[in-house]
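Student: One structure, pasted below without further comment.
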Amino acid sequence: MGLPWYRVHTVVLNDPGRLLSVHIMHTALVAGWAGSMALYELAVFDPSDPVLDPMWRQGVACFGFGAFHVTGLYGPGIWVSDPYGLTGKVQAVNPAWGVDGFDPFVPGGIASHHIAAAFVVAGTMWYGSATTPIELFGPTRYQWDQGYFQQEIYRRVSAGLAENLSLSEAWSKIPEKLAFYDYIGNNPAKGGLFRAGSMDNGDGIAVGWLGHPVFRDKEE
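The C-terminal residue of the sequence shown carries number 257 in my numbering, and the numbering is unbroken.
Next up, the structure:
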């Protein structure tokens, strides 16, 4: 049980609200679902009959998911997003059996944890495939402080200009989600955990990107 505990807590350490909410939900799940299912499984438990052995059933399901579905041996794999949360694909993932398997953002840890959990408990069945930080948290002030999205926009625009595109054409190729993430980070009334104003100040609540800027020289 140490692996899922370490993995989940590492993911939510920098988000106090989510850290509190996952513990509240964990308490509800343990007291409600896990508690009632434990009583039911004890009532029907018969180790001599695989059909009536819930631990055996859960172990087989968990092992099958990790060893076949996630690894792509007999299945599609899992969804892995790019670091910016713009694109991604379903791909096979090799199990990570070393120290890197403890990294909550390494997809291989999902495969190895499912396979290992098959011999312990099937609780890791519900990890999901969210191993990309931006999929878990959304854009954070740490990324904005480092100019994470701004640098990627600059790189893409520079690449477009190198291909002899105009500035407007280069900007038009920037994905809307990337521009939106950068916008809410640079607007003090919108971005980050420590906003300077309410979300409905200025141009209203930020829900999407309204369009790329167009730069023109002032006509004399």
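The C-beta atom is built at its ideal place from N, Cα and C for all residues, glycine as well.
#1: Tell me whether A199 is buried or exposed, calling it buried when 16 or more other Cβ atoms sit within 10 Å of its Cβ.
#2: If you draw a straight line from the alpha carbon of L66 to that of G72, how long is it in whole angstroms?
#3: In the DSSP assignment, find the unbroken alpha helix (DSSP H) run with I190 in it and report its ends.
#4: Need the endpoints of the alpha helix (DSSP H) that W208 sits in, please.
#5: Starting from V117, trace the beta strand (DSSP E) in both directions and tell me its first and last residue.
#6: Measuring alpha carbon to alpha carbon, tell me which of G125, G114 and T124 ends up nearest G145.
#7: State yes or no: is the C-beta of I171 within less than 8 Å of the C-beta of G122?
#8: What does DSSP give as the partner residues of K214 in its beta bridges?
#9: With 16 other CB atoms within 10 Å as the buried threshold, where does A300 fall?
#10: Where does V67 fall in DSSP's three states?
#11: With a CB to CB cut of under 7 Å and the five nearest residues on each side skipped, what residues in its chain are close to G197?
#12: Does the stretch 177-190 come close enough to the stretch 131-143 to have 3 or more Cβ pairs within less than 8 Å?
#13: Report buried or exposed for Q183, applying the criterion of at least 16 other Cβ atoms within 10 angstroms of its Cβ.
#14: Once DSSP output is grouped into helix, strand and coil, what is the label at V107?
#15: Nearest-angstrom Cα distance between D240 and K214?
#16: Which first and last residues belong to the beta strand (DSSP E) in which G135 is found?
#17: Report back the beta-carbon spacing between A148 and V107 to the nearest angstrom; my notes put them in contact at under 8 Å.
#18: Quick one: what does DSSP say G112 is sitting in, helix, strand or coil?
Tutor: Well, looking at it:
#1: As a first step, residue 199 is located in the sequence shown; it is residue number 162 there, counting from the start. By the C-beta density criterion, A199 is exposed, having fewer than 16 other C-beta atoms within 10 angstroms.
#2: Taking the first residue of the sequence shown as 1, we reach residue 66 at position 29. Taking the first residue of the sequence shown as 1, we reach residue 72 at position 35. CA-CA distance, L66 to G72, rounds to 8 Å.
#3: Walking along the sequence shown from the start, residue 190 turns up at place 153. I190 -> alpha helix (DSSP H) spans Y185 to A199.
#4: Walking along the sequence shown from the start, residue 208 turns up at place 171. Counting along the chain, the alpha helix (DSSP H) containing W208 begins and ends at L204 to S209.
#5: The residue you call residue 117 lines up with position 80 of the sequence shown. Where V117 is concerned, the enclosing beta strand (DSSP E) stretches over I115 to S118.
#6: In the sequence shown, counting from the first residue as 1, residue 145 sits at position 108. Nearest to G145 by C-alpha distance, out of G125, G114 and T124, is G114.
#7: Here residue 171 is taken as the residue at index 134 of the sequence shown, counted from 1. Here residue 122 is taken as the residue at index 85 of the sequence shown, counted from 1. Yes, Cβ-Cβ distance for I171 and G122 is below 8 Å.
#8: Residue numbering aside, residue 214 sits at position 177 when the sequence shown is read from its first letter. DSSP output for K214 lists no bridge partner at all.
#9: Limits of the chain in this structure are 38 at one end and 257 at the other, which puts residue 300 out of reach.
#10: In the sequence shown, residue 67 corresponds to position 30, counting from 1. Looking at V67 - three-state DSSP - the assignment turns out to be helix.
#11: Position 160 of the sequence shown, counting from 1, holds the residue named residue 197. Counting only Cβ-Cβ distances below 7 Å, and skipping sequence neighbours, we find E206, A207 and K210.
#12: Counting Cβ pairs under 8 Å, fewer than three are found: no touch.
#13: To locate residue 183, count along the sequence shown from 1; it is residue 146. Exposed is the label assigned to Q183, since fewer than 16 other Cβ atoms lie within 10 Å of its Cβ.
#14: Numbered from 1 along the sequence shown, position 70 holds the residue referred to as residue 107. Helix at V107.
#15: Your numbering for residue 240 matches position 203 in the sequence shown. Your numbering for residue 214 matches position 177 in the sequence shown. Here D240 scores only 48 on pLDDT, less than 50, and its place in the model is too uncertain to base an answer on.
#16: Position 98 of the sequence shown, counted from the start, is the residue given in the question as residue 135. Secondary structure note for G135: it is in no beta strand (DSSP E), with a DSSP letter that is neither H nor E.
#17: Residue mapping note: residue 148 aligns to position 111 of the sequence shown, counting from 1. Residue mapping note: residue 107 aligns to position 70 of the sequence shown, counting from 1. Contact flag correct, Cβ pair sits at about 4 Å.
#18: For the purposes of this step, residue 112 is taken as the residue at position 75 of the sequence shown. In this structure, DSSP gives G112 a state outside helix and strand, which the three-state scheme calls coil.
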